[in-house]
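Residue numbers (full-length UniProt numbering): 1 to 528. Think of the CB as a built atom: it goes at the ideal place given N, C-alpha and C, for glycine as much as any other residue.
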Amino acid sequence: MVPEVISPSVKSAAEARIHRRLKLVGGDWSFALHSLNLPEHGWKRVSEIDFVVAGRRGVYVLEVKGGRVSCTNGIWTHTDRAGTQRRRRESPFAQASSAMFTLQRRIEDRLGREAMRRVTIGYAVVFPDCQLPDQTPVEWDDENLIDRRLLDRTDGLHRGLNRMADYWRAKPGGRQATLEEPLLREILQALRPDFDAVPTLRQIVTDAEADLVALTAGQYRTLDSVEHNPRLLVEGGAGTGKTMLAAELCRRSAADGKRTLFTCRSQVVAGFVRHQPGMQDVHVVPFANLPPGTDGAFDVVVVDEAQDIVNFTDLSYLDSRIAGGLTDGSWYLLLDSNNQRGLVGSCDDEALDYLRSLRPAELRLRDNCRNTRQIVTSTQRMTGADTGVSAAGEGPEVMVVHEPDRARRAAAAATELDRLHENGIPASEIILLSPLPLQESLFADLPARWRHRVDVLDLHTLRRPTRGRIAFARVEDFKGLENRFVLLADVGPVDPRHNRSLYVGMTRARVGLWLATAQRTPQREDHR
Numbered sequence: 001m002v003p004e005v006i007s008p009s010v011k012s013a014a015e016a017r018i019h020r021r022l023k024l025v026g027g028d029w030s031f032a033l034h035s036l037n038l039p040e041h042g043w044k045r046v047s048e049i050d051f052v053v054a055g056r057r058g059v060y061v062l063e064v065k066g067g068r069v070s071c072t073n074g075i076w077t078h079t080d081r082a083g084t085q086r087r088r089r090e091s092p093f094a095q096a097s098s099a100m101f102t103l104q105r106r107i108e109d110r111l112g113r114e115a116m117r118r119v120t121i122g123y124a125v126v127f128p129d130c131q132l133p134d135q136t137p138v139e140w141d142d143e144n145l146i147d148r149r150l151l152d153r154t155d156g157l158h159r160g161l162n163r164m165a166d167y168w169r170a171k172p173g174g175r176q177a178t179l180e181e182p183l184l185r186e187i188l189q190a191l192r193p194d195f196d197a198v199p200t201l202r203q204i205v206t207d208a209e210a211d212l213v214a215l216t217a218g219q220y221r222t223l224d225s226v227e228h229n230p231r232l233l234v235e236g237g238a239g240t241g242k243t244m245l246a247a248e249l250c251r252r253s254a255a256d257g258k259r260t261l262f263t264c265r266s267q268v269v270a271g272f273v274r275h276q277p278g279m280q281d282v283h284v285v286p287f288a289n290l291p292p293g294t295d296g297a298f299d300v301v302v303v304d305e306a307q308d309i310v311n312f313t314d315l316s317y318l319d320s321r322i323a324g325g326l327t328d329g330s331w332y333l334l335l336d337s338n339n340q341r342g343l344v345g346s347c348d349d350e351a352l353d354y355l356r357s358l359r360p361a362e363l364r365l366r367d368n369c370r371n372t373r374q375i376v377t378s379t380q381r382m383t384g385a386d387t388g389v390s391a392a393g394e395g396p397e398v399m400v401v402h403e404p405d406r407a408r409r410a411a412a413a414a415t416e417l418d419r420l421h422e423n424g425i426p427a428s429e430i431i432l433l434s435p436l437p438l439q440e441s442l443f444a445d446l447p448a449r450w451r452h453r454v455d456v457l458d459l460h461t462l463r464r465p466t467r468g469r470i471a472f473a474r475v476e477d478f479k480g481l482e483n484r485f486v487l488l489a490d491v492g493p494v495d496p497r498h499n500r501s502l503y504v505g506m507t508r509a510r511v512g513l514w515l516a517t518a519q520r521t522p523q524r525e526d527h528r
């Protein structure tokens, strides 16, 4: 079943029941996927398929309609548990039929028409809460209907799926091939990114907006590992989606009824994650605010930026918050122990070895989902760090200013802000970063026209930026966060700590990066 746990954002109790029952269906049925967005739908801008089921006998769309459903004079009425009614002319069967053809085109586009030429594709509509009258209109056949009469039986859903498959395979057209395991795997891989989508951690979030991104193959492996491993150690460089993945691990754990904690060092990141979609049932607490003692220990603990707490003092404190402790409890630690250690907190090799001795599943994220190729290449060249392979595409070249004179560097920063403003970039999509506090940073020397528009970042300005204002943050406070355009200053090859600041600061940018240094930064050997 993909996803294994139904998303907390799904409000339909009917879909949740079918999700649970599909997990129990075996036999010739290999996999089921829930909630697919089809942006190329022929009739609507966005059409949602509730479920797709597939097995040796074909690929099928399931449209689920909960509550009471009736049809009078061609108008369909849907009544939910609260008594609210919705009316529409398009029948659920027409919806499912239209989505079936769109799904067929989607698979053929990805796998080729020849591969799918003899594969049966069909649909059925599921009414878990009611049964339609026996006088079935001509619009559909009984085999396309799975209602309460069938679902009241323990094996009713399985019977309904088999009956649906028999019906569609008997139709003329030669689509009667038996799907072998390799092709089924290809179909699953082709469709899964459309189904298993999660909210991205946007820099600026509004209550009405949550972009969806398809997970990388490595992130899928991480989510899949949760089902079989109570403990995970996930390594990944900047931009590999660790914070987004940590939030999704929390959502799925909480949706499974487990008391779940998300924690990290950063107060801002914790506050930001707390307000992400679907996190209402997750306890989100900055590490410094965790209460002592074992009362109310958590079933699952997820730690983001875990390199900040991998030392025996902090791990001992964390141990008391996990039901069963570190040894027998369930925990997922996401970290970058190579490039981001020591900037905040401490990371001890012996403590890391101790965690590994507890035999967690160890996974590594390699796909950089945040930074463009240009940012990845420049970061590798200037820091020697392995930032993975960019999956974010092309962007503008990174702009680096080498200028020993501080006043000229500040003037160059103002010129870059002017350029972004003239090109229509909103101030909310720009972040000023420095390892120093604002009053000590280069940005304190900006001309008045820009200096008076700068605010120090906090949770309020992060979530509700004031129009026309630009945020400033210390690099260490912006770990785990991102923005489209970054201006980075006061970093250079002075000591290893500055090198970490350079690495973290550069990798906060999604699209454009401007960097000012007092001295030319030497090109470093790539340590991959």
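Does the distance from the C-beta atom of R510 to that of R484 stay below 7 Å?
As a working note, residue 510 is residue 510 in the sequence shown. As a working note, residue 484 is residue 484 in the sequence shown. Yes, Cβ-Cβ distance for R510 and R484 is below 7 Å.
Rounded separation between V268 and D129 - CA only: Translated into positions along the sequence shown, residue 268 becomes position 268. Translated into positions along the sequence shown, residue 129 becomes position 129. Computed Cα separation, rounded: 45 Å.
**Q.** Opening and closing residue of the beta strand (DSSP E) in which D405 lies
**A.** Numbered from its first residue, the sequence shown carries residue 405 at position 405. No beta strand (DSSP E) holds D405; DSSP gives it neither H nor E.
Checklist line | Element boundaries [alpha helix (DSSP H), containing A14] | finding: By 1-based counting over the sequence shown, the position of residue 14 is 14. Where A14 is concerned, the enclosing alpha helix (DSSP H) starts and stops at 13-22.
key: Selected residue, minimal CA-CA separation from R356, among W140, L420, L233   = Here residue 356 corresponds to residue number 356 of the sequence shown, with the count starting at 1. Measuring C-alpha to C-alpha distances from R356 to each of W140, L420, L233 identifies L233 as the nearest.
Report task. Count the C-beta pairs between the stretch 250-261 and the stretch 375-386 that are closer than 8 Å, then say yes if the count reaches three, no if not. Result -> Touching, no.
- Item | Sequence-distant residues of the same chain with beta carbon closer than 6 Å to N311, five excluded per side | Against the sequence shown, residue 311 aligns to sequence position 311. Taken in chain order, the residues that qualify are S346, D348, A351.
Open item on the list: Looking at the secondary structure, which residues open and close the alpha helix (DSSP H) in which T102 lies?
Closed with: Indexing the sequence shown from 1 puts residue 102 at position 102. Per DSSP, T102 belongs to the alpha helix (DSSP H) from 92-111.
- Determine the direct distance from the alpha carbon of L245 to that of V282, and round the result to whole angstroms. Stepping through the sequence shown from its first residue, residue 282 is reached at position 282. Stepping through the sequence shown from its first residue, residue 245 is reached at position 245. If I take the Cα positions, the gap works out to 14 Å.
query: So the alpha helix (DSSP H) L249 belongs to, where does it begin and stop?
result: One-based indexing of the sequence shown puts residue 249 at position 249. Following the DSSP letters along the chain, one finds L249 inside the alpha helix (DSSP H) bounded by residues 242-255.
Q) Taking C-beta to C-beta, are D490 and P435 nearer than 7 Å? A) Here residue 490 refers to the residue found at position 490 of the sequence shown. Here residue 435 refers to the residue found at position 435 of the sequence shown. Cβ atoms of D490 and P435: closer than 7 Å.
*Would G512 be called buried (16 or more neighbouring beta carbons within 10 Å of its own) or exposed?*
Here residue 512 is taken as the residue at index 512 of the sequence shown, counted from 1. Here G512 is buried. Its C-beta has 16 or more other C-beta atoms within 10 Å.
Whole runs of the beta strand (DSSP E) within the stretch 446-508, excluding any shorter than 3 residues
Within the stretch 446-508, the complete beta strand (DSSP E) runs of at least 3 residues are 454-456, 470-474, 483-488.
Buried or exposed (CB count within 10 angstroms, at least 16 for buried), R464: Reading the sequence shown from its first residue, position 464 is the one you call residue 464. When all chains shown are included, R464 counts as exposed.
Roughly how many angstroms lie between the CA atoms of E186 and G58, to the nearest whole one? Start at 1 with the first residue of the sequence shown, and residue 186 comes out as number 186. Start at 1 with the first residue of the sequence shown, and residue 58 comes out as number 58. The alpha-carbon separation between E186 and G58 amounts to approximately 13 Å.
**Prompt:** Apart from the five residues just before and just after A412, which ones in its own chain have a Cβ nearer than 7 Å to its Cβ?
**Reply:** To locate residue 412, count along the sequence shown from 1; it is residue 412. Answer for A412: V401, E403, A516, listed in chain order.
Terminal residues of the continuous alpha helix (DSSP H) containing W168?
-> Here residue 168 corresponds to residue number 168 of the sequence shown, with the count starting at 1. Note, W168: alpha helix (DSSP H), 156-169.
*Run the CB neighbour count on V69, radius 10 Å, all protein chains shown included, and call it buried at 16 or more, exposed below.*
In the sequence shown, the residue the question calls residue 69 occupies position 69. The residue is buried, with at least 16 neighbouring Cβ atoms inside 10 Å.
Open item on the list: In the DSSP output, what is C71 paired with across the bridge?
Closed with: Along the sequence shown, read from residue 1 onward, the residue named residue 71 stands at position 71. For C71, which the question treats as bridged, DSSP gives the partners W76.
Discussion item. Within 10 Å of its beta-carbon, does H34 have 16 or more other beta-carbons around it, so buried, or fewer, so exposed?
Written reply: Here residue 34 refers to the residue found at position 34 when the sequence shown is read from its first residue. The residue is buried, with at least 16 neighbouring Cβ atoms inside 10 Å.
Closest by CA to L191, which one among A238, R175, F31, Q439? Locating residue 191 in the sequence shown gives position 191, where the first residue counts as 1. Out of A238, R175, F31, Q439, F31 has the C-alpha closest to the C-alpha of L191.
**Q.** Residues near A288 in its chain [Cβ-Cβ closer than 8 Å; skip 5 each side]
**A.** Position 288 of the sequence shown, counted from the first residue, corresponds to residue 288. Apart from the 5 residues on each side of it in sequence, A288 sits with its Cβ closer than 8 Å to the Cβ of R265, Q267 in its chain, given in chain order.
query = According to DSSP, which residues form a beta bridge with F127?
reply = Taking the sequence shown and counting its residues from 1, the one referred to as residue 127 is at position 127. According to DSSP, which records beta bridges pairwise, F127 is partnered with D147.
task: Can you have a look at S428 and say buried or exposed, based on whether 16 or more other CB atoms are within 10 angstroms of its CB?
output: In the sequence shown, counting from the first residue as 1, residue 428 sits at position 428. By the C-beta density criterion, S428 is buried, having at least 16 other C-beta atoms within 10 angstroms.
Start-end ranges of the alpha helix (DSSP H) lying completely within the stretch 331-400, minimum 4 residues:
As far as the stretch 331-400 is concerned, its whole alpha helix (DSSP H) runs of at least 4 residues are 349-357, 373-383.
Report task. Taking the CB atoms as reference points, tell me whether L487 and L432 lie closer together than 7 Å. Result -> One-based indexing of the sequence shown puts residue 487 at position 487. One-based indexing of the sequence shown puts residue 432 at position 432. Note that the C-beta distance between L487 and L432 is below 7 Å.
* To do: Give the DSSP-derived three-state secondary structure of D526 in the structure shown.
  => Within the sequence shown, residue 526 is the residue found at index 526, counting from 1. Confidence at D526 is low in this model, with a pLDDT of 41, below 50, so the placement of that residue should be treated as unreliable; the coordinate-derived value is given next. In this structure, D526 counts as coil in the three-state DSSP scheme.
inquiry  = Quick test of the definition: if touching needs 3 or more C-beta pairs under 8 Å, does the stretch 366-379 touch the stretch 223-230?
reply    = With the cut-off at 8 Å, the stretch 366-379 and the stretch 223-230 do not touch.
Problem set entry | Contacting residues, own chain, Cβ-Cβ under 8 Å from A444 (five flanking each side not counted) | In the sequence shown, the residue the question calls residue 444 occupies position 444. Closer than 8 Å at Cβ, skipping near neighbours: L438, R451.
query: Is the distance from the Cβ of V25 to the Cβ of V64 below 7 Å?
result: Counting from one through the sequence shown, the residue named residue 25 turns up at place 25. Counting from one through the sequence shown, the residue named residue 64 turns up at place 64. No; because the gap between Cβ atoms is not below 7 Å, this pair is not in contact.
Three-way DSSP call (helix, strand, coil) for G278 in this model: If you number the sequence shown from 1, residue 278 lands on position 278. G278 falls in the coil class under three-state DSSP.
- Query: Of the choices M100, A82, K258, Q95, whose alpha-carbon is the least far from that of W76?
  - Reply: Here residue 76 is taken as the residue at index 76 of the sequence shown, counted from 1. The shortest C-alpha separation from W76 is found at Q95.
### Query
Does the count of Cβ pairs from the stretch 166-177 and the stretch 111-122 closer than 8 Å reach three?
As far as the Cβ criterion goes, the stretch 166-177 touches the stretch 111-122, which means the pair count is three or higher.
Checklist entry - Given 8 Å as the limit, is there contact between the stretch 102-118 and the stretch 174-185, that is, 3 or more CB pairs closer than that? => result Counting Cβ pairs under 8 Å, three or more are found: they touch.
Q. Secondary structure at V310, three-state DSSP: helix, strand or coil?
A. Stepping through the sequence shown from its first residue, residue 310 is reached at position 310. Correct three-state label for V310: coil.
Cα separation between V504 and A238?
-> Numbered from 1 along the sequence shown, position 504 holds the residue referred to as residue 504. Numbered from 1 along the sequence shown, position 238 holds the residue referred to as residue 238. The straight-line gap separating the alpha-carbon atoms of V504 and A238 is approximately 7 Å.
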